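Okay, so here's the structure we're looking at.
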Amino acid sequence: MNRVLRRFRGLPLRSRLALLVATAVALAVAAAAVTCWFVVRNALLDSLDDALSSNRPKQGEVIQQIDIDAVAGGARCLREIPGRDQPDLYKQIIQVVAENGSNCIVLGRQSIEVDASDTAVAARERSATYHDTTAANGEKYRVYTYPLEDYPQLQLAVSVARPYSEIDDTLDNLALILLVVAGVGVLGAGAAGLWVARTGLRPVDQLTAAVEHVARTEDLSLRIPVEGDDEIARLSESFNSMTASLASSRDLQQQLIADAGHELRTPLTSLRTNIELLARSEETGRAIPPDDRRALLASVTAQMTELAALIGDLQELSRPDAGTADGDGDGGGKIQVIPFHDLTRTALARARLRGPELTITAELAPWYVRAEPPALERAIVNVLDNAVKFSPPGGTVEVTLDRGRLTVRDHGPGIPEDELPHVFDRFWRSPSARSLPGSGLGLSIVARTVRQSGGEVTLEAAEGGGTVATVRLPGAATPPPESPAL
1 MNRVLRRFRG LPLRSRLALL VATAVALAVA AAAVTCWFVV RNALLDSLDD
51 ALSSNRPKQG EVIQQIDIDA VAGGARCLRE IPGRDQPDLY KQIIQVVAEN
101 GSNCIVLGRQ SIEVDASDTA VAARERSATY HDTTAANGEK YRVYTYPLED
151 YPQLQLAVSV ARPYSEIDDT LDNLALILLV VAGVGVLGAG AAGLWVARTG
201 LRPVDQLTAA VEHVARTEDL SLRIPVEGDD EIARLSESFN SMTASLASSR
251 DLQQQLIADA GHELRTPLTS LRTNIELLAR SEETGRAIPP DDRRALLASV
301 TAQMTELAAL IGDLQELSRP DAGTADGDGD GGGKIQVIPF HDLTRTALAR
351 ARLRGPELTI TAELAPWYVR AEPPALERAI VNVLDNAVKF SPPGGTVEVT
401 LDRGRLTVRD HGPGIPEDEL PHVFDRFWRS PSARSLPGSG LGLSIVARTV
451 RQSGGEVTLE AAEGGGTVAT VRLPGAATPP PESPAL
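All the letters of the sequence shown, read from the start, carry residue numbers 1 to 486 under UniProt numbering.
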């Protein structure tokens with residue numbers, strides 16, 4: 001059995017479908033044929049029983065043809081019933097059965113075996129009976145036995161029998177016809193199943209060819225035609241969506257690599273130039289003036305700091321979409337319930353150090369959220385740094401946290417309306433901000449972190465000038481009874 005199953009699983013899918021269809025049809029046809037055969041057999045048997053009971057001879061004629069005293073001794077009848085000598089009627093056997101089991105043939109050339117039910121009818125223990133028996137020549141007969149009711153003083157019964165061949169021949173012909181029809185039906189079902197399998201699996205073949213083409217050529221622009229709205233069409237749509245997403249992901253990856261290379265090239269080039277100047281000074285023995293040397297070293301330090309920040313931003317963007325529950329993700333944190341107001345207060349302290357000449361006001365209402373603390377703090381710091389960077393000297397930055405809505409408003413030059421859709425793109429920097437330090441990744445990190453925490457972030461022009469950054473995070477004004485790490 002296991003070998004058969006292994007061989008079956010080794011067949012192509014269309015062959016298995018065709019075989020399954022043919023098998024299912026064969027079982028259905030076989031069940032229908034067997035049911036039909038038994039229904040017809042029972043109908044023919046009922047018809048034969050009706051013929052036996054309706055064609056029984058008159059009791060007076062039977063009595064005239066037998067020697068009543070000889071019946072008990074097994075003597076033959078005196079003569080056949082008048083009018084019963086036609087050859088075709090000799091297929092029917094009529095015999096008289098006595099209470100003691102002896103019998104006398106009234107019509108026919110073969111005697112039939114006397115059954116216990118026949119003697120019971122003769123003894124008036126049963127009214128009548130139908131049963132199967134065998135004639136002297138071994139042929140099977142159907143028997144109907146009834147008592148001689150007109151002669152109650154005699155313990156005799158009459159058995160009328162007809163051969164089973166009358167219905168067996170019909171049943172044999174029917175069985176042959178059913179066998180031929182079933183065979184044709186199974187063959188037709190197999191052919192239809194193979195056709196259906198080929199037709200139904202044609203989209204799967206197209207999908208397989210497309211997958212093989214993508215694996216061979218890495219061509220993600222390939223699309224499969226979608227027809228209808230069935231499961232195959234949904235599978236094709238899913239494949240097209242998958243290849244489109246992969247193509248978009250690869251384009252973004254290539255764009256990220258190109259942008260990162262471009263951004264890294266500037267500080268690396270400047271850093272290399274400064275280091276080469278310092279090295280040439282050492283090699284030639286020509287000392288650089290102290291002020292110039294201090295400026296070069298400060299430039300090297302600033303460029304290394306900018307390079308480290310850029311690499312840190314790239315690492316942040318390359319992290320998985322969320323921290324792990326065990327706290328072993330790339331970000332080093334785990335999602336937990338944290339006080340959003342306390343995290344904002346910590347970020348404000350860092351922002352005040354970076355802009356000591358600015359006035360930063362804060363109104364922070366309690367709010368608790370589920371997030372990754374280091375990532376969320378970095379995002380808030382980025383928003384505040386952005387406001388500090390673009391605020392004029394002596395300017396004011398207004399920070400408000402109310403029911404999970406954090407707003408940071410500066411009074412800087414603002415962002416042109418046509419540039420607002422691009423502020424969260426990676427490496428995008430406003431033309432007016434190209435001269436300022438930064439990598440163009442800060443707001444991308446903010447958008448990514450806020451999205452992971454289930455919130456949203458927007459940046460828009462403020463009334464009267466400046467920019468308003470809004471961060472909305474779901475949460476509650478009071479902490480839950482227990483705040484375990486998720």
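Yeah, the Cβ is synthetic: ideal placement off N, Cα and C, and Gly gets one too. Since this is a predicted model, take the numbers as computed values, not measurements.
Near residue i, what residues of its chain come up, given a Cβ to Cβ distance below 6 Å and the 5 sequence neighbours on each side ignored?
i             : result
tyrosine 130  : Asp49, Tyr144
alanine 365   : Leu401, Asp402
serine 53     : Tyr144
alanine 135   : Gln110, Ile112, Tyr141
residue 505   : Because the chain is modelled from 1 through 486, residue 505 falls outside the range shown and cannot be assessed.
valine 97     : Asn103, Val114, Asp118, Ala122, Ala157, Ser159
serine 435    : Its pLDDT being 49, under 50, serine 435 is placed unreliably in this model, and the coordinates cannot settle the point.
leucine 473   : Val369, Gly404, Ser453, Gly455
residue 489   : No statement about residue 489 is possible, as the shown extent of the chain runs from 1 to 486 and does not include it.
glutamate 139 : Pro163
Go ahead and label residue i buried or exposed: buried means 16 or more other beta carbons lie within 10 angstroms of its beta carbon, across all protein chains shown.
i              : result
histidine 422  : exposed
aspartate 195  : Residue 195 is actually tryptophan in this sequence, not aspartate. Tryptophan 195 comes out exposed.
leucine 246    : exposed
alanine 122    : buried
glutamine 155  : buried
asparagine 42  : exposed
glutamine 92   : buried
alanine 24     : exposed
alanine 477    : exposed
isoleucine 232 : buried
threonine 217  : exposed
glutamine 254  : exposed
residue 547    : The chain is shown only over 1 to 486; residue 547 falls outside these bounds and no answer can be derived.
alanine 295    : exposed
glutamine 86   : For glutamine 86, the predicted structure reports a pLDDT of 46, less than 50, and the residue's modelled location is therefore unreliable. A value from the coordinates is still provided. Per the 10 Å Cβ criterion, exposed.
asparagine 55  : exposed
arginine 286   : exposed
isoleucine 311 : exposed
leucine 27     : exposed
glycine 74     : Only weak support exists for where glycine 74 lies, its pLDDT of 44 falling under 50; the coordinates are left without a value.
aspartate 410  : buried
asparagine 137 : exposed
isoleucine 275 : exposed
Residues in the same chain with beta-carbon distance under 7 Å from residue i, minus the five sequence neighbours each way, listed in chain order, please.
i           : result
arginine 84 : Any reading at arginine 84 must be qualified, since the residue scores a pLDDT of 45, below 50, and its modelled position is unreliable; the value itself is stated next. For arginine 84, where only same-chain residues beyond five positions count, the Cβ hits under 7 Å are Leu107.
serine 388  : Before going on, a small fix: residue 388 reads as valine here, not serine. Ala351, Arg354, Gly355, Leu358, Val397, listed in sequence order.
alanine 447 : Phe424, Val457
lysine 58   : none
residue 515 : Residue 515 is absent from the structure shown; the chain starts at 1 and stops at 486.
glycine 466 : Arg409, Asp410, His411, Gly412, Gly414
proline 203 : Ile232, Ser236
leucine 45  : Ile167
Would the beta-carbon of residue i be found less than 6 Å away from any heavy atom of the ligand COA?
i              : result
asparagine 386 : The ligand COA is not among the ligands present in this structure, which contains no ligands whatsoever.
Using CA coordinates, which residue listed in the options is at the minimum distance from residue i?
i                 : options                        : result
threonine 170     : Ile380, Trp37, Ser221          : Trp37
threonine 305     : Glu417, Gln206, Leu271, Ala32  : Leu271
aspartate 118     : Ile94, Val468, Leu406, His341  : Ile94
valine 468        : Pro413, Asp418, Arg451, Gln206 : Pro413
phenylalanine 424 : Asp418, Leu443, Gln153, Ala26  : Leu443
leucine 20        : Leu384, Ile360, Gly190         : Gly190
leucine 220       : Leu178, Arg234, Ala244         : Ala244
isoleucine 338    : Glu363, Trp367, Gly312, Ala31  : Trp367
alanine 120       : Glu99, Gly138, Asn137, Pro373  : Glu99
aspartate 418     : Arg451, Tyr151, Glu460         : Glu460
leucine 406       : Gly475, Ala31, Gln206, Ile257  : Gly475
threonine 269     : Gln59, Ile445, Leu307, Arg250  : Leu307
valine 450        : Pro479, Pro373, Pro392, Gly465 : Pro373
tyrosine 151      : Gly101, Gln206, Val62, Ile177  : Val62
glutamine 452     : Arg234, Ala379, Asn173         : Ala379
glycine 455       : Gly464, Asn386, Phe340         : Phe340
leucine 178       : Ile360, Ala31, Gly404          : Ala31
proline 393       : Leu264, Gln303, Ile360, Thr273 : Ile360
Beta-carbon within less than 8 Å of residue i's beta-carbon, same chain only, minus the 5 sequence neighbours each way: which residues are those?
i             : result
glutamate 377 : Leu343, Thr346, Ala347
aspartate 88  : Any reading at aspartate 88 must be qualified, since the residue scores a pLDDT of 46, below 50, and its modelled position is unreliable; the value itself is stated next. Result list for aspartate 88: empty, nothing under 8 Å.
threonine 480 : The question names threonine, but residue 480 in the sequence shown is proline. Here the set comprises Val337, Tyr368.
Assuming the contact rule is C-beta atoms closer than 8 Å, residue i and residue j should be a hit. Round their C-beta distance to whole Å, please.
i              : j           : result
isoleucine 288 : serine 281  : 5 Å
glycine 193    : leucine 17  : 6 Å
valine 383     : valine 471  : 7 Å
valine 186     : alanine 33  : With 8 Å as the limit, valine 186 and alanine 33 do not qualify as a contact, their Cβ atoms being about 11 Å apart.
residue 575    : leucine 174 : The structure shown does not extend to residue 575, since the chain spans only 1 to 486, so no value can be given for it.
Report yes or no: is there a C-beta of chain E within less than 7 Å of the C-beta of residue i?
i             : result
aspartate 230 : The structure shown contains no chain E; it holds only a single protein chain.
Are the region 141-158 and the region 112-126 in contact at 8 Å, needing three or more beta carbon pairs?
-> Verdict: yes, contact present.
Counting pairs of beta carbons, one from the region 199-218 and one from the region 234-248, are three or more of them closer than 8 Å?
-> Below 8 Å, enough C-beta pairs join the region 199-218 and the region 234-248 to call them touching: three or more.
Kindly confirm or deny that the region 181-196 and the region 152-171 touch, where touching means at least three C-beta pairs closer than 8 Å.
-> Contact fails: fewer than three Cβ-Cβ distances are below 8 Å.
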